[in-house]
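Just below is one structure, and these are the notes that go with it.
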Amino acid sequence: MLLRTVDLSVGYGDLKIVQNVSVEVKGGEVVSLIGPNGSGKSTLIKGIVGLAKVFSGRVLLDELDVTGLPTYKLIRMGIGYVPQRLNIFPNLSVKENLEVSGSWLDKNRMRRKIQEVMDIFPEIKHKMDCKAGLLSGGERQILALARALVAEPRVLLLDEPTASLSPMMADKIFRYIRDIAFTNDIAIMIAEQNVAKALKNSDRSYVLVSGRCVSVESSKAHLSDDQLKRIYLEFMSIKPDSL
Ligand SMILES: Nc1ncnc2c1ncn2[C@@H]1O[C@H](COP(=O)(O)OP(=O)(O)OP(=O)(O)O)[C@@H](O)[C@H]1O
Ligand SMILES: [Mg+2]
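So this is what it looks like as structure tokens:
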């Protein structure tokens, strides 16, 4: 496994939100974290990248214990993170946004990397000098993905990459995510509220409810039987619209 957590408990201040959660993802694989609002998906990801307090448990990158390391070190070690909000600099141009991400690479490598990443995303390739704040919602998410890729990650943690996008744009982003994992052998973990799309586009899924992992299955299994509906009914007494 490229990235795994072992019984990880994460929270803020004295408040433990995520309790004893073990997740794992290997190169080329896409896994999804699903669950209702406030179930701890973002908190788990923040715990992995050093942005929330780890109470107990471990984060292992390539079997190396990286628990609690500062975020900038984790990024240099190959963990890319795209937060749910504020994932681009709206006042900088597309090009400048990419340069900030690659600023710790040497200049030539950064230029090559930006060129390489731009070839993947035609939507923003011809908008290099455009202010990022003027891009559409979908283009911004693509830029956020591109920014993460410039830093040459081995692991990508994406928090709600399709939030508030049209279904068509969300499908496009998911296609990019799958292609990126497959082509670059990157391990990708996505937190997603869109349960149906997350399941269709991931290999395995973890269901979080109130900070605990209540089910882990291949996404196909979660999609194909009524198990997930049962879980949702049992733990939340609601039926997710998207199922
Ligand atoms: N900085 C913070 N300080 C204290 N509590 C927080 C903080 N951020 C989040 N929480 C709380 O942690 C719990 C889990 O929130 P989290 O954002 O991880 O859920 P989520 O599953 O990502 O939800 P969503 O689907 O809405 O993004 C919530 O009860 C939330 O209020
Ligand atoms: Mg969240």
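For reference, each letter of the sequence shown is one residue, going 307 to 549 in my numbering. Cβ coordinates follow ideal geometry from the N, Cα and C atoms, glycine included.
Selected residue, minimal CA-CA separation from residue i, among the options
i    : options                : result
R417 : I483, E458, V388       : E458
S525 : N507, S409, L514       : N507
L505 : G341, K322, V520, E402 : G341
A438 : K332, L463, E402, I420 : E402
S328 : Y318, V365, G319, A487 : V365
L392 : A450, R460, N500       : A450
A469 : V461, K478, L462       : K478
A487 : V388, L471, L314, G333 : G333
DSSP three-state assignment for residue i, whether helix, strand or coil
i    : result
D485 : helix
N490 : helix
L370 : strand
T311 : strand
G444 : helix
G363 : strand
According to DSSP, residues forming a beta bridge with residue i
i    : result
M495 : V337, L463
G386 : L462
E523 : S511
K322 : G317
R417 : Its beta-bridge partners do not exist; DSSP assigns none.
Beta-carbon spacing of residue i, residue j below 8 Å
i    : j    : result
V360 : T373 : yes
A454 : E335 : no
D368 : L308 : yes
K433 : V456 : no
I385 : V406 : no
I567 : P467 : Absent from the model: residue 567. The displayed extent of the chain is 307 to 549, so no value can be given.
G317 : A358 : yes
G346 : S315 : no
I537 : S516 : no
I420 : L404 : yes
I483 : L463 : no
Close-in-space but distant-in-sequence residues of the same chain around residue i (CB under 6 Å, 5 per side omitted)
i    : result
P376 : G356
S338 : I496, E498, A504, S508, S511
R446 : I394
CB contact below 8 Å: residue i versus chain B
i    : result
E369 : Any reference to chain B falls outside this structure, which holds one protein chain only.
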